[in-house]
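Residue numbers (my numbering): 9 to 367. Where is the CB? At the ideal position from N, CA and C, for every residue including glycine. It should be emphasised that the depicted structure is a prediction, and the values quoted were computed from it without experimental measurement.
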Ligand code: PA5
């Protein structure tokens, strides 16, 4: 970060300038991001209606797309060390063939109008699985009401990727109702404290010289971001990629260790490596072997990459570590959008494609 007395970087000054923010972010994404900890607290109280007891499943499928699928990724990452049944995140039409009696299907779509999630809900009805919907309404909400399926009704008015708290925390309650282990209250409380502290540290009022998200956005600059996670944070790296793509409207790459050591690492020998910027998403709880792999990765790609940055998770519990890195990625993508001079909120191409496919 900048040294005292160093010349002011105009790009940093722009990220600190409220006038730039109001011009490029008229709908107020910064405010929504700042309220993320409050959203998480509120989301803990969201329950399915009717809140019927669910039998213990042999398989859990979270079916959704984009921002609505990430709750499933986080669920398997944060509860994976305790769960004895698999949690699959299904991104696509229908359901995996393994779904059937004994499967708990959670169809998640913030808008409720995403055709893949609607199709998963219908496939669950046809397969006779237990099925719940998590949505603010739309076609999925109407289907759930028609079939008297338990429905977690989410507050509306947000872009789905900004509704992560609403899309994730109710899943913990659903798992608990099905008798499955979830992070204990102390771990959840720690995660909320960590994101509360980050909301101040990473928000627009924290100047670029002291703000890790602004700093990362400035380091990445115009280079193509490549986010690498470890065994736990691979799903977080994917979330960084999608947040950067939707908010900053620029391509990004995501990968995970150790898998990328077996393929992608070779591609860093290409001349275009100089136009890439790697962000290594380090986890305080990572296995020492993963730590060694990150060090080796840095040694291999450092000399050829346009740049390499490192970001560390916060907190002790898995949930805090995961959410802290996701939240840092959300803010970094926000500042990348401002740096590029684009409105982070609007996603007109994505919406037009969805509208055409709905017919
Ligand atoms: O963030 C977004 O806007 C998208 O990734 C959406 O989440 C995705 O298109 C699915 O829409 P929904 O979350 O409403 O089901």
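Taking the Cβ atoms as the reference, residue 37 lies roughly 7 Å from residue 170, within the contact range of under 8 Å.
Beta bridge pairing from DSSP links residue 290 with 320. If you draw a straight line from the Cα of residue 27 to the Cα of residue 43, it is about 21 Å long. One Cα belongs to residue 18, the other to residue 205, and the distance between them is close to 27 Å. Between residue 313 and residue 353 a beta carbon distance of about 31 Å is seen, past the 8 Å cut, so the two are scored as non-contacting. According to DSSP, residue pairing for residue 284 in a beta bridge involves 232. Look at residue 125: its beta carbon is less than 7 Å from one of the heavy atoms in the ligand PA5.
Cβ-Cβ separation between residue 106 and residue 67: approximately 6 Å, consistent with a contact (criterion under 8 Å). Nearest to residue 118 by C-alpha distance, out of 91, 157, 233 and 174, is 174.
Three or more pairs of CB atoms, one per stretch, sit closer than 8 Å, so the region 334-341 contacts the region 245-257. Residue 112 sits in a strand when the DSSP states are folded into three classes.
When the alpha-carbon of residue 203 is set against those of 16, 128, 85 and 48, the nearest one is in 48. Placement of the Cβ of residue 73 at a distance of less than 7 Å from at least one heavy atom of the ligand PA5 is found. Within 7 Å of the C-beta of residue 254 there is at least one heavy atom belonging to the ligand PA5.
Inside the region 81-144, DSSP marks whole alpha helix (DSSP H) runs of 4 or more residues at positions 123-135, from first to last along the chain. In the three-state reduction of the DSSP assignment, residue 262 falls in the strand class, which pools E and B. Short note on residue 91: C-beta not closer than 7 Å to any heavy atom of the ligand PA5. In the three-state scheme derived from DSSP, where H, G and I count as helix and E and B as strand, residue 161 is classed as strand. When the Cα atoms are used, residue 308 and residue 244 turn out to be separated by approximately 23 Å. Collapsing the DSSP output to three states places residue 70 in a strand. The C-beta of residue 323 has 16 or more other C-beta atoms within 10 Å across all chains shown, which makes the residue buried. Distance check between residue 58 and each of 218, 257, 230 and 141 places 141 closest, using alpha-carbon atoms only. Per the DSSP secondary-structure output, residue 237 pairs in a beta bridge with 264. Its Cα nearest to that of residue 238, the residue 321 stands out among 166, 321 and 172.
The Cβ atoms of residue 184 and residue 331 lie no closer than 8 Å to each other.
Taking 8 Å as the cut-off, the Cβ atoms of residue 123 and residue 365 count as close.
Contact between residue 285 and residue 233 holds: CB atoms are separated by about 5 Å, below the 8 Å threshold.
Cβ contact annotation for residue 222 (same chain, cutoff 6 Å, sequence separation greater than five): 23, 216 and 343, in chain order. Taking C-beta separations shorter than 6 Å and ignoring five residues to either side along the sequence, the partners of residue 348 in its chain run 256, following chain order. Annotation: residue 187 to residue 50 spans about 23 Å, alpha carbon to alpha carbon. Per DSSP, the beta-bridge partners of residue 315 are 285. Residue 134 counts as exposed, since fewer than 16 other beta carbons sit within 10 angstroms of its beta carbon. The shortest C-alpha to C-alpha distance from residue 53 to any of 333, 180 and 351 is the one to 180. Between residue 189 and residue 90, the gap from beta carbon to beta carbon is short of 8 Å.
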